[in-house]
Amino acid sequence: MTSENPIFCALDTTELGRAIALARDLEGKVGGLKIGMEFFNAHGPSGYYAVAEAGLPIFLDLKLHDIPNTVAGGIRAVLPLKPAIVNVHTAGGKAMMRAAADAANEAGGARPLIIGVTMLTSLDASDLADTGVTGTPSDHVRRLAALAAEAGLDGVVCSAHEIEILKRDLGRGFKLIVPGIRPAGSDVADQKRVMTPAEALALGADMLVIGRPITGAGRPGDAAQEIVRSLAA
Ligand code: C5P
């Protein structure tokens, strides 16, 4: 990923042609692309390679969550794709996360970053309570992120609201990937814990995941460039 451009654009589509067109349009305008379950479940490795041809680093957002042996196998299976980042759910526990990190280490130098999803940015405190978790989202995310660090993960996905506290808890080297990013005035849709790109970056986010504000724009490349300009302002 390019350190100057922290934006990973989420290609949430099942349309192969659209994903390829977006990848080409965004080349040189974002730091990387995020391929998630929507695209990968529809097109698998061949679709992945078609998108990767644009030359941008890929965050393979599969959010793996299963027993340790199965998750390790899932990581090993995607190593040949050479993604820059792969993720697992921290709720899968320490042994599962450690198995994921160990499997990634088998790739040696071309190893992807293994990142843990903490609490989805579409959830708020009352959603968390509905799942039986007592305490605040911040406490929950801190606990899960600390567990991820202990298990040897490279960082976590968190909301912009937890950036400061996690950098303080876990240090600058522990990567924070932040979705739920909305440029001022744009539609929040199903995201609940949102922030603007410039605010999230100023707080210390390492990467920003932005989907619909770019992909839903009439000219996605221009929308991405506009966001990059807002970071420098
Ligand atoms: O379109 P939007 O900017 O809301 O896209 C956000 C992307 O980040 C989606 O692809 C979603 O799967 C992902 N994501 C998220 N919240 C998390 C982890 C990933 O929104 N906690």
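Residue numbers 7 to 239, in this note's numbering, belong to the letters of the sequence shown in order. Cβ atoms here follow ideal geometry from the backbone N, Cα and C, with glycine treated the same way. Computed from a prediction, not measured in an experiment: that's the story for all the values here.
- Going by DSSP, name the residue or residues bridged to D67. G42
- Query: What span of residues does the alpha helix (DSSP H) with M213 cover, start to end?
  - Reply: Element bounds for M213: not the alpha helix (DSSP H) but the beta strand (DSSP E), 213-216.
- Query: Could you give the residue range of the alpha helix (DSSP H) that holds K100?
  - Reply: 100-111
- Item | According to DSSP, residues forming a beta bridge with F14 | G38, V215
- Message: Give me the residue from A83, G98, P185, L32 with the minimum Cα distance to L214.
- Response: P185
- Separation of D67 from Y54, as counted between CA atoms: 12 Å
- Message: Quick check on this structure: which residue in A25, G34, T76, V36 has the alpha carbon closest to the alpha carbon of S52?
- Response: A25
- Please indicate yes or no: does the CB of I216 lie closer than 7 Å to some heavy atom of ligand 1? yes
- Item | Check: L159 C-beta below 7 Å from any heavy atom of ligand 1 | no
- Using three-state DSSP, classify I187 as helix, strand or coil. strand
- State the start and end residues of the unbroken alpha helix (DSSP H) segment that holds I73. Here I73 belongs to no alpha helix (DSSP H), and DSSP marks it neither H nor E.
- Proximity of L62 and A27 at Cβ, strictly below 8 Å: no
- Is the region 101-112 close to the region 144-152, with three or more CB pairs under 8 Å? no
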